[in-house]
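Novice:
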Amino acid sequence: MTHRLPVHNPGCECKSPIALTNPPAAKIWTRRRETLTLAEGVRRGDGMKLLFWFGLLVLVLGIVSLFVSIPHKETTSWKAGSVSVGLQTQRSEPVPLVVSIVLMVGGIGMVIVGGTRKG
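Residue -2 is where the sequence shown starts when you use the numbering used here, and the numbers rise one by one after that.
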């Protein structure tokens, strides 16, 4: 059983010790006239909705990674006495196919698990 400390009203201008030591928790979403923190929402089962949206984000990143390449810059320099010569090459490599597949499969799995509702 967890005990909660009283939370200070941020609109109040008093200098109570509660206001100084116990800042209000970050509010994530509102449900039926009550505001839940992330931890409270996960305990109540709303974490499935969060898992669905995170899985959808990972799935989109996996699809995008098929088409976007990663740029690389390499610099090589030679010195001969007081003369210095530098060469900079730039090339783009695609994301490895295995990484894209893992992202897409993981995203699909999270969307499926997060989209199912118990009840």
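Just so it is clear, CB atoms sit at the ideal spot from N, CA and C, and this is done for glycine as well.
None of these values were measured; they are calculated from a predicted model.
May I have a chain-ordered list of the alpha helix (DSSP H) segments no shorter than 4 residues that lie completely inside the segment 31 to 113?
Specialist: 35 to 40, 44 to 61 and 94 to 112
Novice: Please look up how many angstroms separate the CB atoms of Ile67 and Val96, rounded, as I've assumed it's under 8 angstroms.
Specialist: Within the sequence shown, the letter at position 70 stands for residue 67. Within the sequence shown, the letter at position 99 stands for residue 96. About 11 angstroms; that fails the 8 angstroms criterion.
Novice: Whole angstroms is fine: what's the gap from Phe51's alpha carbon to Gln87's?
Specialist: Walking along the sequence shown from the start, residue 51 turns up at place 54. Walking along the sequence shown from the start, residue 87 turns up at place 90. Between Phe51 and Gln87, the C-alpha separation is close to 33 angstroms.
Novice: Buried or exposed: Val55, going by 16 or more other Cβ atoms within 10 Å of its Cβ?
Specialist: Mapped onto the sequence shown, residue 55 falls at position 58. Label assigned to Val55: buried.
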